[in-house]
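Peer 1: Per this note's numbering, residue 21 is the first one in the sequence shown, and the count goes up by one each step. We put the beta carbon where it would ideally sit given N, CA and C, even for glycine. Predicted, not measured: the structure shown is a model, and the values here were computed from it. There's a structure below that I have some questions on.
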Amino acid sequence: MANNQETYRFTDTQGRLLDAKILKVDSDSVLVQLKESGNRLKLDFNKLSEADVEFLKMLQDSPASQNVIKRETPEDPSPARSDVPANSKLYPRTMEQIRAGIHEIERRPRPKDVPKAIHEATQQLNVYRFLCSVPSDVVADAEYSKEAEDAANACKANGALSHTIGHSTDHCNLSTMGDMKGTVMRYIEDSGDNNREVRGHRDWCFNPPMAKVGFGSAGKSYSAMWCQDSGGTSINGKWSYPGMGLFPVDYMHGNAWSLYGVTMPSSPDKIKVEIVKLPKRPDKPYTSDESIPGRVIKVHHVSLAFHGINFEPDEPGKRGIYWVRVKGEGIEEGYLVELY
Numbered sequence: 021m022a023n024n025q026e027t028y029r030f031t032d033t034q035g036r037l038l039d040a041k042i043l044k045v046d047s048d049s050v051l052v053q054l055k056e057s058g059n060r061l062k063l064d065f066n067k068l069s070e071a072d073v074e075f076l077k078m079l080q081d082s083p084a085s086q087n088v089i090k091r092e093t094p095e096d097p098s099p100a101r102s103d104v105p106a107n108s109k110l111y112p113r114t115m116e117q118i119r120a121g122i123h124e125i126e127r128r129p130r131p132k133d134v135p136k137a138i139h140e141a142t143q144q145l146n147v148y149r150f151l152c153s154v155p156s157d158v159v160a161d162a163e164y165s166k167e168a169e170d171a172a173n174a175c176k177a178n179g180a181l182s183h184t185i186g187h188s189t190d191h192c193n194l195s196t197m198g199d200m201k202g203t204v205m206r207y208i209e210d211s212g213d214n215n216r217e218v219r220g221h222r223d224w225c226f227n228p229p230m231a232k233v234g235f236g237s238a239g240k241s242y243s244a245m246w247c248q249d250s251g252g253t254s255i256n257g258k259w260s261y262p263g264m265g266l267f268p269v270d271y272m273h274g275n276a277w278s279l280y281g282v283t284m285p286s287s288p289d290k291i292k293v294e295i296v297k298l299p300k301r302p303d304k305p306y307t308s309d310e311s312i313p314g315r316v317i318k319v320h321h322v323s324l325a326f327h328g329i330n331f332e333p334d335e336p337g338k339r340g341i342y343w344v345r346v347k348g349e350g351i352e353e354g355y356l357v358e359l360y
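Here's what the structure looks like:
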């Protein structure tokens with residue numbers, strides 16, 4: 021059985037959609053509460069898509085599962101689960117909510133006018149944005165994709181990547197990889213000495229007000245992502261990579277972490293970045309001055325992004341619970357990351 025307070029979108033074997041809350045998962049069926057009417061309905065696995073059945077069986081096997089239906093009212097607290105940390109300020113989402121969010125993004129239907137490769141690249145971008153708590157409803161735009169394809173072809177004709185050869189190259193992330201979906205991970209990783217000081221590809225991927233994106237390819241050797249849209253809604257507060265709270269280590273790439281949405285220092289040497297690996301989950305946030313128990317993680321390099329700060333910790337993709345503290349020139353920020 022799995023209790024889930026989030027609305028889930030089911031797809032049946034005929035492609036029809038149904039929005040409902042999951043109340044109970046049995047061996048061959050799921051009990052749900054319909055979003056529109058509030059009525060309860062039993063759905064047999066043999067009438068649901070393979071992806072839905074796989075997800076439901078995962079919930080059934082989860083340590084969070086219980087064998088009774090929760091009689092819930094809007095005021096009821098969520099049931100206790102082994103993956104739910106005690107402090108929601110430190111942990112915005114549970115593992116179950118993360119799994120469900122990724123699954124929902126990956127199953128979004130492809131618009132008829134969007135090619136499959138562009139749709140998959142857009143989905144991949146939205147997964148990373150979701151994990152970092154910025155709006156994850158970016159849609160593929162046909163005009164932006166034409167501009168991105170033009171930029172990719174310009175780089176191919178040039179024989180090298182360049183943002184100064186026109187053809188929208190100055191509005192795009194550029195890659196020597198033709199696989200558009202695969203380039204999203206590369207942009208997030210943003211490695212290489214030429215990217216180290218800004219890591220602008222990553223920064224643009226996580227720019228909150230991005231509402232539309234374009235992807236284009238020039239074959240196997242070059243592709244581009246039109247990334248400078250700002251037609252969406254921005255957010256108040258900070259965001260980061262890896263995202264704050266629980267973060268699946270499979271989505272951690274490269275040797276740097278990033279913190280965005282903070283007051284920008286005049287130079288990287290004006291701030292101090294501290295990272296401590298904690299022995300257990302804390303009960304509350306640490307203040308800017310108190311001693312933090314755990315092992316200090318060395319930070320090798322700090323640089324400034326367009327919208328924030330990049331820093332390179334030892335073993336950046338190793339599982340564990342970490343407290344990050346950034347101080348200096350009017351900045352006092354602290355947050356938790358648990359890589360799992």
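Keeping to the same chain, check which residues put their C-beta closer than 6 Å to that of I329; ignore five residues upstream and five downstream.
Peer 2: L279
Peer 1: What does DSSP give as the partner residues of D32 in its beta bridges?
Peer 2: L68
Peer 1: Mapping the DSSP letters down to three states, classify N275 as helix, strand or coil.
Peer 2: coil
Peer 1: Tell me the DSSP secondary structure of Q248 in three-state form.
Peer 2: In the displayed model, Q248 falls within coil according to three-state DSSP, outside both helix and strand.
Peer 1: Just mark A276 as buried or exposed, buried being the case when its beta carbon has 16 or more other beta carbons within 10 Å.
Peer 2: buried
Peer 1: So if DSSP puts W343 in a beta bridge, which residue, or which two residues, is it bridged to?
Peer 2: V296, L356
Peer 1: Smallest Cα separation from A231: which of G251, L43, N215?
Peer 2: G251
Peer 1: Which first and last residues belong to the alpha helix (DSSP H) in which H221 is found?
Peer 2: 220-225
Peer 1: How far does the alpha helix (DSSP H) with C175 in it reach, from first residue to last?
Peer 2: 162-178
Peer 1: Return the CA-CA distance between M197 and T203, expressed in angstroms with no decimal places.
Peer 2: 6 Å
Peer 1: Have a look at H191 and S241 and give me their C-alpha separation to the nearest angstrom.
Peer 2: 19 Å
Peer 1: Select from E126, A40, E217 the residue whose C-alpha is nearest the C-alpha of G58.
Peer 2: A40
Peer 1: Assuming G236 and A172 make a contact with CB atoms under 8 Å, what is their CB distance in whole Å?
Peer 2: 5 Å
Peer 1: Starting from G265, follow its DSSP beta bridges and name the residues at the other end.
Peer 2: V357
Peer 1: Just to check my reading of the structure: A325 and V218 have Cβ atoms closer than 8 Å, yes? What is that Cβ distance to the nearest angstrom?
Peer 2: With a Cβ gap of about 6 Å, A325 and V218 count as contacting.
Peer 1: At a cut of 8 Å, does the region 280-287 reach the region 246-260 through at least three beta carbon pairs?
Peer 2: The region 280-287 makes contact with the region 246-260; the number of CB pairs closer than 8 Å reaches 3 or more.
Peer 1: Do you know offhand how far G186's Cα is from R222's?
Peer 2: A straight-line Cα-Cα distance of about 22 Å links G186 and R222.
Peer 1: Start and end of the beta strand (DSSP E) containing R315?
Peer 2: R315 -> beta strand (DSSP E) spans 315-317.
Peer 1: Could you pull out every residue in the same chain whose Cβ sits closer than 6 Å to the Cβ of E352, ignoring the five residues on either side in sequence?
Peer 2: S308
Peer 1: Taking 8 Å as the limit between beta carbons, can you name the residues of its chain near V293, skipping five residues before and five after?
Peer 2: V319, V322, I329, F331, V344, R345, V346
Peer 1: Taking buried to mean at least 16 other C-beta atoms within 10 Å of its own C-beta, is D72 buried or exposed?
Peer 2: buried
Peer 1: DSSP beta-bridge partners for R235?
Peer 2: Per the sequence shown, residue 235 should be read as Phe rather than Arg. Partner(s): M245.
Peer 1: Buried or exposed for G239, going by 16 or more other Cβ atoms inside 10 Å?
Peer 2: exposed
Peer 1: Touch check for the region 133-140 and the region 209-218: three-plus C-beta pairs under 8 Å?
Peer 2: No, the region 133-140 is not in contact with the region 209-218.
Peer 1: Indicate the three-state DSSP secondary structure (helix, strand or coil) for P333 in the structure shown.
Peer 2: strand
Peer 1: Return the residue from the list Y148, D161, I295 that minimises the CA-CA distance to W224.
Peer 2: Y148
Peer 1: So which of K44, D46, T31 has the shortest CA-CA distance to E70?
Peer 2: T31
Peer 1: Quick check: the Cα distance between L266 and C152, rounded to an integer number of angstroms?
Peer 2: 10 Å
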